[in-house]
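Chains as they are written, first to last, in the working numbering: chain A, 1292 to 1422; chain B, 2 to 151.
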């Protein structure tokens, strides 16, 4: 798997002194096409209303919450998913058009399309045959 | 690190704790300790009337999930193609910059509390979670015992 600077997981600064409630880190696939990047993130339980995708200072933030959780009358017997929140962040390089990111959510999978700016797309060079 | 008066042992503990947290964070939410992914993850809860099983199975075709309950043993199996959502005609493996999501066949079996009634099961798939609700046998429900005063 190739590590790419432009979509490296965001490096944290100094360790935080006050421990925050830790969010779950969703597994992602990142796929590159000529037009841009496709990012898929598994976030089961998240709805369009409980999802937040934003870019701030070249950092793409994915945040979501499991919308439906059992009520108080339900006693946990066995738990593999702890917590309700998902969070993950990526650094975006200048070759991506942050204004035109498209997001869709289906069956708990977030799909983002992050287009490359026009000048960064590979150009097809037509080869003319000279008769 | 030389020990001197500016050395703060608590800061050092804090640093180690943060390092461990980072390692665990990397390891825990996505993978088990040995590195492989758990898919689907499962939570089980119980109320007075029913047992609730939450199967976290994002991106599956519900028609391709096999769910069965025999006595109190619940089995779930199926297949997920992690590349389906890419929406790309021809997927070229070298174009993946990251590939962490589970792909392939899965199968899990879990034992539920003995009080479940296999006749009273319903399941629905919503937002990537299969919620299985199983009623309890009437005689196994917690009964309130009245304390009589003489």
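For glycine and all other residues, C-beta sits at the position ideal for the given N, C-alpha and C.
- At least 9 Å separates the CB of residue 135 (chain B) from every CB of chain A.
- Against residue 49 (chain B), the close residues of chain A are 1364, in the order they occur along the chain (beta-carbon pairs closer than 8 Å).
- Closer than 9 Å to the CB of residue 58 (chain B) there is at least one CB belonging to chain A.
- Distance from the CA of residue 76 (chain B) to the CA of residue 1317 (chain A), rounded to the nearest whole angstrom, comes to 25 Å.
- Neighbours of residue 1402 (chain A) in chain B, taken as residues at a C-beta separation under 7 Å, are given in chain order as 86.
- Residue 1359 (chain A) and residue 49 (chain B) do not touch by the CB rule: their CB atoms are close to 20 Å apart, not below 8 Å.
- Put simply, the CB of residue 77 (chain B) is far from chain A, with every gap to its CB atoms at 9 Å or more.
- In this structure, residue 1372 (chain A) and residue 103 (chain B) do not form a Cβ contact; the two beta carbons are roughly 14 Å apart against a cut-off of 8 Å.
- In the displayed model, residue 87 (chain B) falls within a helix according to three-state DSSP.
- When the alpha-carbon of residue 94 (chain B) is set against those of A:1355, A:1314, A:1320, the nearest one is in A:1320.
- In terms of Cα proximity to residue 1399 (chain A), the closest of A:1421, A:1352, A:1356 is A:1356.
- Assignment of residue 1409 (chain A) by DSSP, reduced to helix, strand and coil, places it in the helix class.
- Cβ neighbours of residue 117 (chain B) within its own chain (closer than 7 Å, five residues either side excluded): 52, 73, 135, 137.
- DSSP, read as helix, strand or coil, puts residue 1375 (chain A) in coil.
- By the 16-neighbour rule on beta-carbons within 10 angstroms, residue 1341 (chain A) is buried.
- Rounded to the nearest angstrom, the Cβ distance from residue 1326 (chain A) to residue 1415 (chain A) is 13 Å, too far for a contact under 8 Å.
- According to the DSSP assignment, residue 128 (chain B) belongs to no beta strand (DSSP E), since it is labelled neither H nor E.
- In this structure, residue 1391 (chain A) places its C-beta atom within 9 Å of the C-beta atom of residue 1406 (chain A).
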